[in-house]
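Heads up: the sequence shown runs through residues 1 to 133, numbered per UniProt numbering.
For every residue, glycine included, the Cβ atom is placed at its ideal position computed from N, Cα and C.
First the structure, in the form of structure tokens, and then the observations on it.
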Amino acid sequence: MASRSSSLLACAAGRCPRCHQGPVFKTSALNLAHFQDMHDYCPVCGQHYEPEPGFFWGAMYVSYAFSVAIVVAVGLAVYVLGHDPDTWVYIVSAALAIVLFMPLTFRYSRLVMLYLFGGIDYNPAAPVRQARR
1 MASRSSSLLA CAAGRCPRCH QGPVFKTSAL NLAHFQDMHD YCPVCGQHYE PEPGFFWGAM
61 YVSYAFSVAI VVAVGLAVYV LGHDPDTWVY IVSAALAIVL FMPLTFRYSR LVMLYLFGGI
121 DYNPAAPVRQ ARR
């Protein structure tokens, strides 16, 4: 397994930005009923995941960027593979892709927001604490 000392790998794995070990989310992205449930604190180092109230409202902008990228990629794929089909094919394909990727878009928009704007630096010597309940 790859080293978790890389912030990019830790972000992709959904790990804490401080210790790169504790999970940010409680369940798998495939658990559609609870894919959005986050831990309040890192179970390993105790880092609080919400630096300030309403912090994750900014993740909407990141989510929008991800959605635009998905729509452009799906549009290009439909154009190339479908030899420029009718407009309804583009709309249905883009809508399906957005709905299918929504759990990942939600999670990674929050992770990118936390890693880039959370003000939390990687600390390999972060103390190991008991999980707060």
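Residues Pro-17 and Arg-18 of the same chain have their beta carbon placed closer than 6 Å to that of Ile-120, with the five preceding and five following residues left out of the count. Rounded to whole angstroms, the gap between the alpha carbons of Asp-37 and Pro-23 is 11 Å. Within its own chain, the residues whose Cβ lies closer than 6 Å to the Cβ of Val-71, once the five positions on either side in sequence are excluded, are Ala-94, listed in chain order.
Contact annotation: Gly-118 and Pro-43 have beta-carbon atoms that are not nearer than 7 Å.
In the structure shown, the three-state DSSP call for Arg-18 is coil.
For Val-62 against Val-78, the beta-carbon gap comes to about 25 Å, at or over 8 Å, which does not count as contact. Contact between Ser-7 and Tyr-108 does not hold, since their C-beta atoms are separated by about 14 Å, which reaches or exceeds 8 Å. With a cutoff of 7 Å on beta-carbon distance, Ala-59 and Met-113 are scored as near each other. Across the structure, Val-92 and Asp-86 are spaced so that their CA atoms are roughly 11 Å apart. For Pro-103, the three-state secondary structure derived from DSSP is helix. Residue environment: Tyr-64 is assigned as exposed (fewer than 16 neighbouring CB atoms within 10 Å of its CB, all protein chains considered). According to the DSSP assignment, Cys-11 belongs to the alpha helix (DSSP H) that extends over 7–12.
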